[in-house]
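Respectively, the protein sequence lines represent chains A and B.
According to the numbering used here, the stretch in the first sequence is residues 559 to 653, in order.
According to the numbering used here, the stretch in the second sequence is residues 274 to 460, in order.
The beta carbon of each residue, even a glycine, is placed where N, CA and C say it ideally should be.
Encoded as structure tokens, the structure appears first; notes follow it.
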Amino acid sequence: MIIDHPLLGPRDSAEFTYMGDAKLIDRPDPDAATAARDFYDYAYLRDNPAGWHDELWFHEQGDRSWLVVTRNTITHEIRQVRLARDVARARGRST
Amino acid sequence: MHNLTTLTALGGADARVDVFDHITIAENDGLALASVAARMGQEAACQAHLRTLLGAVPEVGRAVLHDPEAGFWMGPDQWMVGAPRATHEMLADQLKDHFGETASITEQSGAWVCFDVTGPAMPDMSERLCNIPIREMAAGDVRRSVIHQLGCFVIRRDAPDHIRILGPRASAQTLHHALITAAQSTA
Chain A
559 MIIDHPLLGP RDSAEFTYMG DAKLIDRPDP DAATAARDFY DYAYLRDNPA
609 GWHDELWFHE QGDRSWLVVT RNTITHEIRQ VRLARDVARA RGRST
Chain B
274 MHNLTTLTAL GGADARVDVF DHITIAENDG LALASVAARM GQEAACQAHL
324 RTLLGAVPEV GRAVLHDPEA GFWMGPDQWM VGAPRATHEM LADQLKDHFG
374 ETASITEQSG AWVCFDVTGP AMPDMSERLC NIPIREMAAG DVRRSVIHQL
424 GCFVIRRDAP DHIRILGPRA SAQTLHHALI TAAQSTA
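Structure follows, in structure tokens:
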């Protein structure tokens, strides 16, 4: 599998480590009234889609950036690769 | 005052040089290194300091080969800066003064072993070692990749048969073994 890194171009997926569902970017507000329930969902509950899935990949043997890879779990086709920090900042995180 | 003698990464008093007909592998013990990571919101100011230091900001996957300080891109808003150890042993402190609050500086001299690989068989040897497109790379191109299970930087230098390899210093003997093995297999 080849991951088309947004900065470095196509790189072998062996250089990357899978770090889980990209929903991990959306960490709940710890001060919310429903925080306990929100963090239970955040920590333990995952969708397991057969099809398109936003995933976090860490370029461990490369520039060590975190990526959001949109991958089809049935065909392994990759539709989009973005820097995770750009995705997070677009959602108002880490700004 | 103790009178201590420094050892190279391979444990010798002098840097080791292995000479083959087609390849020379030279341990480079004369390098001081420090990493520069721009702080959030200070990216532009950090790059301005980098420009005054190196003459240019290293682009993605590129090095700026400049004297006495040189630098290469490691990741988004992160660079490695190197200089001769003889004149810049306290490089991290010097960079800390230069960059001020715009960047986090980390001493890296003790973290890396450096090998200079030269010779006509360098591209063949490189292809046995790691999956980087060595023949497409130009002078100043830098890739981070895996050599013998070790995360290493490979820098193409000005001379067409010269690459510089930075690998984890604690695994210097392992990396050296991998280089020697690859050199012998290209004979």
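| message | By the 7 Å beta-carbon criterion, what residues does the stretch 613-633 of chain A contribute toward chain B? | response | Cβ proximity to chain B below 7 Å picks out Q619, G620, D621, R622 and S623 from the stretch 613-633 of chain A.
| query | Quick one: is A/D570 near chain B, going by C-beta distance under 8 Å? | reply | The beta-carbon of A/D570 is placed less than 8 Å from the nearest beta-carbon of chain B.
| task | Write down the C-beta distance between B/V333 and B/W346 rounded to the nearest angstrom, noting that I regard them as a contact closer than 8 Å. | result | Between B/W346 and B/V333 the Cβ distance is about 6 Å, and since that is below 8 Å, they are a contact.
| said: Buried or exposed for B/G303, going by 16 or more other Cβ atoms inside 10 Å? | reply: The residue in question, B/G303, is exposed, as its Cβ has fewer than 16 Cβ neighbours within 10 Å.
| said: Just to confirm, is the Cβ distance from B/S308 to B/T379 under 8 Å? | reply: The answer is yes: Cβ separation under 8 Å.
| field | Selection of the stretch 403-428 of chain B by Cβ proximity to chain A, strictly under 7 Å | value | Only those residues of the stretch 403-428 of chain B whose C-beta falls short of 7 Å from the nearest C-beta of chain A are listed: N404, R417, S418, V419 and G424.
| Is the Cβ of B/M347 closer than 8 Å to any Cβ of chain A? | Residue-level contact check: B/M347 touches chain A, since one or more beta carbons of chain A fall below 8 Å from its beta carbon.
| message | Let me confirm a value: B/D414 is counted as buried when at least 16 other C-beta atoms fall within 10 Å, else exposed. Which label applies? | response | Looking at its Cβ environment, which holds 16 or more other Cβ atoms inside 10 Å, B/D414 is buried.
| Just the Cα atoms here: how many angstroms apart are B/L323 and B/A336? | Taking the straight line joining both Cα atoms gives about 12 Å.
| query | Any contact of the stretch 368-382 of chain B with the stretch 395-406 of chain B, i.e. 3+ C-beta pairs under 8 Å? | reply | Two segments are said to touch when three or more pairs of C-beta atoms, one from each, lie closer than 8 Å; by this definition the stretch 368-382 of chain B does not touch the stretch 395-406 of chain B.
| said: Can you tell me whether A/D621 is buried or exposed? The criterion is at least 16 other CB atoms within 10 Å of its CB, across all chains shown. | reply: Flag for A/D621 reads buried.
| Any idea if B/T375 is buried or exposed, counting beta-carbon neighbours within 10 angstroms, 16 or more meaning buried? | That one is buried.
| Which residues, in chain order, does the stretch 310-335 of chain B contribute to contact with chain A at a C-beta distance below 7 Å? | Identification of residues in the stretch 310-335 of chain B having a C-beta nearer than 7 Å to some C-beta of chain A yields V333 and G334, given in sequence order.
| query | Going by other Cβ atoms of all chains shown within 10 Å of its Cβ, with 16 needed for buried, is B/L280 buried or exposed? | reply | Here B/L280 is exposed: its Cβ has fewer than 16 other Cβ atoms, across all protein chains shown, within 10 Å.
| request: Count the other CB atoms, across all protein chains shown, that sit within 10 Å of the CB of B/E362; report buried if there are 16 or more and exposed otherwise. | output: Under this definition B/E362 is an exposed residue.
| query | What are the residues that DSSP puts in a beta bridge with B/Q351? | reply | B/Q351 pairs with B/A310 and B/G348.
| said: Tell me the rounded alpha-carbon separation between B/E316 and B/D350. | reply: Going from the Cα of B/E316 to the Cα of B/D350 covers about 7 Å.
| field | Within 8 Å, strictly: CB atoms of B/D389 and B/N301 | value | In this structure, B/N301 lies closer than 8 Å to B/D389 by Cβ.
| query | Helix, strand or coil for B/I296 per DSSP? | reply | DSSP places B/I296 in coil when its eight states are reduced to three.
| query | Are the C-beta of A/I573 and some C-beta of chain B separated by less than 8 Å? | reply | The residue asked about is misnamed: residue 573 of chain A is Glu in this sequence, not Ile. For A/E573, the answer is yes, since a Cβ of chain B falls inside 8 Å of its Cβ.
| field | Residues near A/Y600 in its chain [Cβ-Cβ closer than 6 Å; skip 5 each side] | value | Excluding sequence neighbours, A/Y600 sits near P586.
| Is it true that the CB of B/G424 sits closer than 8 Å to the CB of B/W385? | No; because the gap between Cβ atoms is not below 8 Å, this pair is not in contact.
| query | Once you ignore the five residues that flank A/F597 on each side, which residues in its own chain have a CB closer than 7 Å to its CB? | reply | Answer for A/F597: P586, listed in chain order.
| Using the beta-carbon of each residue, which ones in chain B are nearer than 7 Å to A/L603? | Taking the beta carbon of A/L603 as reference, no residue of chain B falls within 7 Å; the closest one sits roughly 31 Å away.
| Straight-line CA distance for B/A445 to B/R289? | Answer to the nearest angstrom: the Cα atoms are 12 Å apart.
| request: Following the continuous alpha helix (DSSP H) through B/C319, name the residue where it begins and the one where it ends. | output: E316 to L327 is the span of the alpha helix (DSSP H), which, as asked, contains B/C319.
| query | So, is the C-beta of A/L641 closer than 8 Å to a C-beta in chain B? | reply | It does; some Cβ of chain B falls within 8 Å.
| message | Against A/L582, what residues of chain B qualify as contacts under a CB-to-CB distance less than 9 Å, listed in chain order? | response | None at all; the shortest Cβ gap to chain B is about 19 Å.
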